[in-house]
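Let me begin by presenting the structure, written as structure tokens, before commenting on it.
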Amino acid sequence: MRFVGVDPATETGVVALDEDGNPVLETSFRGKGKDRPGGITLEQRISLENQLFRLLLPGDQILKEGIANGNKMLITTAKIHGGLESMIVRKGLFLKEVAPTAVKKYVGVTGFKIVDGKSVRLEGEEEKKGAMSEGALKYFGYSHPNNNVVDAYIIAKICEAVYRVRQGKPLSDYPKHQQEVIDSIINPPPPKKKPRKNKTENTNQRRGKPRTAGSRAQNTEQTCLF
């Protein structure tokens, strides 16, 4: 059995830990094929999916990072995530998801840094990735030159912790902020119910024109025959 963390992107990071929590697989790969500005080609996507499929083993416990809110390339990102999920299921395995904000939280990354005693927001990918690398080193003594592998390692450690707690390890053995991340995966909150809208009659009556008695204004749900 391995604990596998997957960080999906055009360059996907994958880390697998053995039963003792030691890395046995640390890799990052891209789909093979010609690059296309602003997206990923079908050829590259299939290649990316096939590479992940070949890395997975029976009995793997898998945790995948979800899609970030406000993603600027949502369609491309959704295609990548959906394809990788399909490969996991085709391998006969199951997966759980962890929110990108929870991955950051697990290693104490808040999105801010302290400068001259003031809290300042992290700017740019380099600073944000650097903060994740510092967090992995601080909490796990782990480092790797590839940022995607670092993120995948943190996800794999969350996967391991979720499994341990489900097997009876006390949640209190983990720092408070890590407890909250682990618990959010084991006991996810129920989905929020959308407020019900009051149903009103829709007609093709022009706005501002009074409706006369016995009006034959057609309801928009009726079928028009021509």
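Residue numbering for the sequence shown follows our numbering, beginning at 457 and increasing consecutively.
Each residue gets a CB set at the ideal place from its N, CA and C atoms; glycine is no exception.
Here the structure is a predicted model, which means the values were calculated and not measured.
Per DSSP, what are the beta-bridge partners of residue i in this structure?
{"i": "ILE518", "result": "VAL460 and LEU551"}
{"i": "LYS482", "result": "Going by the sequence as given, residue 482 is Glu instead of Lys. In the DSSP output, where bridge partners are listed per residue, GLU482 has VAL471."}
Just to confirm my understanding: we take residue i, look at its own chain, exclude 5 residues before and 5 after, and list those with CB closer than 7 Å. What are they?
{"i": "HIS537", "result": "PRO464 and ILE523"}
{"i": "PHE596", "result": "LYS613"}
{"i": "PRO626", "result": "none"}
My assumption, with CB atoms under 8 Å, is that residue i sits in contact with residue j. Please give the rounded CB distance.
{"i": "VAL462", "j": "ALA608", "result": "6 Å"}
{"i": "ILE518", "j": "VAL460", "result": "5 Å"}
{"i": "VAL563", "j": "GLY591", "result": "3 Å"}
{"i": "MET543", "j": "LEU508", "result": "5 Å"}
{"i": "ASN604", "j": "GLU505", "result": "Not confirmed; about 16 Å, so no contact."}
Tell me whether residue i counts as near the ligand NAP, meaning its Cβ is closer than 7 Å to at least one heavy atom of that ligand.
{"i": "SER628", "result": "Ligands in the displayed structure: none, and consequently the ligand NAP is not present."}
Quick one: residues in its chain with C-beta nearer than 6 Å to the C-beta of residue i, no 5 flanking neighbours on either side, listed in chain order?
{"i": "THR483", "result": "VAL470"}
{"i": "ALA558", "result": "VAL637"}
{"i": "ALA555", "result": "GLY522"}
{"i": "LYS561", "result": "HIS633 and VAL637"}
{"i": "ALA472", "result": "ARG458, VAL460, VAL480 and LEU481"}
{"i": "MET529", "result": "none"}
{"i": "ASP476", "result": "none"}
{"i": "VAL545", "result": "none"}
{"i": "THR566", "result": "none"}
Skipping 5 residues on each side, what residues in its chain have a beta carbon closer than 8 Å to that of residue i?
{"i": "LYS535", "result": "ILE496 and ARG501"}
{"i": "ARG672", "result": "Here the model assigns ARG672 a pLDDT of 46, short of 50, so the residue's position is not dependable and the matter cannot be decided."}
{"i": "TYR619", "result": "PHE459 and GLN517"}
{"i": "GLU685", "result": "Not covered by the structure: residue 685. The range shown for the chain is 457 to 682."}
{"i": "VAL606", "result": "GLY469, LYS585, MET588, SER589, ALA592, TYR598, SER599 and HIS600"}
{"i": "GLY489", "result": "THR497, GLU499, GLN500 and SER503"}
{"i": "GLY548", "result": "PRO514"}
{"i": "LYS594", "result": "VAL563 and GLY564"}
Exercise. Hey, is the region 491–510 in contact with the region 634–649, meaning 3+ C-beta pairs nearer than 8 Å?
Worked result: No, they do not touch.
Problem set entry | beta strand (DSSP E) segments (min. 3 residues) lying fully within the region 609–643 | Listed in chain order, there is nothing to give.
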